[in-house]
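Undergrad:
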Amino acid sequence: MLSWPEPFVLRAFLAAVGLALIAAPLGCIVVWRRMSYVGETLAQAGLLGVALGLALHIDLTLAVVIAAVAAVGVLTMLGRQRVVPLDSALGLTHHATLALGIVAIALAKGPGIDLMSYLFGDVFAVTSTDLIWVYAGGAVVLAVIFYLWEPLVRLSLHEDLATAEGLNPRLTRAAFDLLLAVVIAVAMKIVGILLVMAFLVVPAVAARPLSGTPARMVFLAAAIAVASTIFGLWLSLSSDLPGGPSIVIAMCTVAAISLLAGSFRQG
């Protein structure tokens, strides 16, 4: 069994807890606006970013940010067209980016590149540079979220009324999508592209039945995310299990208990 003072364990702890705090407010908005499929599409675009980084020999996190931001532009254009329903267009983009990303990585990767680490993450392989990405990127994301919090909540609760009061839904939505793209890129190495949306959404789902206000839901989601992260890392170290999936399992367990408790309260 590994011990917590090990440097790579400490880096894993700092990265995962930092990401949990950053993801909580974004996850709540994703749940309110029912945007999980949008987030999944951005996450799959991250695979193309990995292939881009490998081909151009640039920082992989930066390459994933570029790919995810490009995907935001594609999704914005899809939202404006009327030929195909948006959910069908998202489904097409979602599966196309996943397939293209896997093929592109297979073509671009060199020896020693592990595809599974990008799909499911490797929190214990986090470097000091990754920590800088988490906390510097997270500070920017949280600052913008704080600035946009009121319009985001108003659009989430009643978009038509907020639009009538002068808010620009397209601009606000695009700004949020960009923030989501940055967080997905930063989270890729920790929980992997296939599990990143669970890291965002599951704590928010767990907090929702126990919250009466948006602010309370965000704080409770952050607490659940941090507690689940600590327990998941402990479970991973003590049982020699993958770190990212262990964290997500802990989050899902809390969410299941919360949903059961909420159903009993309503019943």
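Following our numbering, the numbering of the sequence shown begins with 62 at its first residue and continues without gaps.
Heads up, the beta-carbon is just placed ideally off N, CA and C, and yes, glycines get one too.
Keep in mind the model is a prediction, meaning the values are calculated, not measured.
(1) Please return the same chain residues whose Cβ sits closer than 7 Å to the Cβ of Cys313, not counting the five positions on each side in sequence.
(2) From Ile251 to Leu302, what distance separates their C-alpha atoms?
(3) Alpha carbon to alpha carbon, how far is Leu108 from Val133?
(4) Taking C-alpha atoms, which residue in Gln105, Pro230, Trp295, Phe207 lies nearest to Leu153?
(5) Taking the alpha-carbon positions, what's the Thr188 to Gly100 distance?
(6) Would you tell me roughly how many angstroms separate the C-alpha atoms of Leu209 and Leu218, rounded to the nearest one?
(7) Give, in chain order, every unbroken run of the alpha helix (DSSP H) that is at least 4 residues long and sits entirely within the segment 163-227.
(8) Drop a sphere of 10 angstroms on the beta-carbon of Leu168, count the other beta-carbons inside from all chains shown, and report buried for 16 or more, exposed for fewer.
(9) Does the distance from the C-beta atom of Ala265 to that of Gly79 stay below 7 Å?
(10) Out of Phe280, Trp295, Leu139, state which residue places its alpha-carbon closest to the alpha-carbon of Leu82.
(11) So Ser297 is in the alpha helix (DSSP H); what residue range does that whole segment cover?
(12) Quick check on DSSP: helix, strand or coil for Pro303?
(13) Taking contact to mean at least 3 C-beta pairs separated by less than 8 Å, is the segment 221-233 in contact with the segment 286-301?
(14) Is it buried or exposed for Leu232, if we count other Cβ within 10 angstroms and need 16 for buried?
(15) Is the beta carbon of Val55 sitting closer than 7 Å to the one on Leu240?
(16) Please determine, among Ile308, Gly323, Ala124, Thr137, the residue with the shortest C-alpha to C-alpha distance to Ala150.
(17) Which of the three DSSP states, helix, strand or coil, is assigned to Gly134?
(18) Between the C-alpha atoms of Ala276 and Leu320, what's the straight-line distance to the nearest angstrom?
(19) Cβ atoms of Val309 and Ala259: under 7 Å apart, would you say?
(20) Taking Cβ to Cβ, would you say Leu121 is nearer than 7 Å to Val135?
(21) Which residues bound the alpha helix (DSSP H) around Glu67?
(22) Please state whether DSSP places Ile119 in a helix, a strand or coil.
TA: From the atom records:
(1) The residue given as residue 313 occupies position 252 in the sequence shown. Taken in chain order, the residues that qualify are Val263.
(2) Taking the first residue of the sequence shown as position 1, residue 251 is located at position 190. Taking the first residue of the sequence shown as position 1, residue 302 is located at position 241. Computed Cα separation, rounded: 14 Å.
(3) Taking the sequence shown and counting its residues from 1, the one referred to as residue 108 is at position 47. Taking the sequence shown and counting its residues from 1, the one referred to as residue 133 is at position 72. So the two alpha carbons sit approximately 15 Å from each other.
(4) Residue mapping note: residue 153 aligns to position 92 of the sequence shown, counting from 1. The residue with the shortest Cα to Cα distance from Leu153 is Gln105.
(5) By one-based count along the sequence shown, residue 188 stands at place 127. By one-based count along the sequence shown, residue 100 stands at place 39. Looking at the two C-alpha atoms, the distance is approximately 25 Å.
(6) Here residue 209 refers to the residue found at position 148 when the sequence shown is read from its first residue. Here residue 218 refers to the residue found at position 157 when the sequence shown is read from its first residue. Whole-angstrom Cα-Cα distance: 14 Å.
(7) 176-181, 189-218, 220-225
(8) The sequence position of residue 168 within the sequence shown is 107, counting from 1. With fewer than 16 other Cβ atoms within 10 Å, it is exposed.
(9) Counting from 1 along the sequence shown, the entry for residue 265 is found at position 204. Counting from 1 along the sequence shown, the entry for residue 79 is found at position 18. Their beta carbons are not under 7 Å apart, which means Ala265 does not touch Gly79 by this criterion.
(10) Here residue 82 corresponds to residue number 21 of the sequence shown, with the count starting at 1. Ranking the options by Cα distance to Leu82, first place goes to Phe280.
(11) Taking the sequence shown and counting its residues from 1, one reaches residue 297 at position 236. It spans 275-300 - the alpha helix (DSSP H) in which Ser297 sits, taken as one unbroken run.
(12) If you number the sequence shown from 1, residue 303 lands on position 242. Coil.
(13) no
(14) Counting from one through the sequence shown, the residue named residue 232 turns up at place 171. With fewer than 16 other Cβ atoms within 10 Å, it is exposed.
(15) Any property of residue 55 remains undetermined from this structure, which presents the chain solely from 62 to 328.
(16) Within the sequence shown, the letter at position 89 stands for residue 150. Ranking Ile308, Gly323, Ala124, Thr137 by Cα distance to Ala150 puts Thr137 first.
(17) As a working mapping, residue 134 is identified with position 73 in the sequence shown. Residue state, collapsed to three classes: helix.
(18) Looking up residue 276 in the sequence shown gives position 215. Looking up residue 320 in the sequence shown gives position 259. Cα to Cα, Ala276 sits roughly 19 Å from Leu320.
(19) In the sequence shown, the residue the question calls residue 259 occupies position 198. In the sequence shown, the residue the question calls residue 309 occupies position 248. Cβ distance < 7 Å, so Ala259 and Val309 count as in contact.
(20) On the sequence shown, residue 121 is found 60 positions in, with the first residue counted as 1. On the sequence shown, residue 135 is found 74 positions in, with the first residue counted as 1. Cβ distance not < 7 Å, so Leu121 and Val135 don't count as in contact.
(21) Residue numbering aside, residue 67 sits at position 6 when the sequence shown is read from its first letter. It is not in any alpha helix (DSSP H) - Glu67 carries neither H nor E in the DSSP assignment.
(22) The sequence position of residue 119 within the sequence shown is 58, counting from 1. Ile119: coil per DSSP, three-state reduction.
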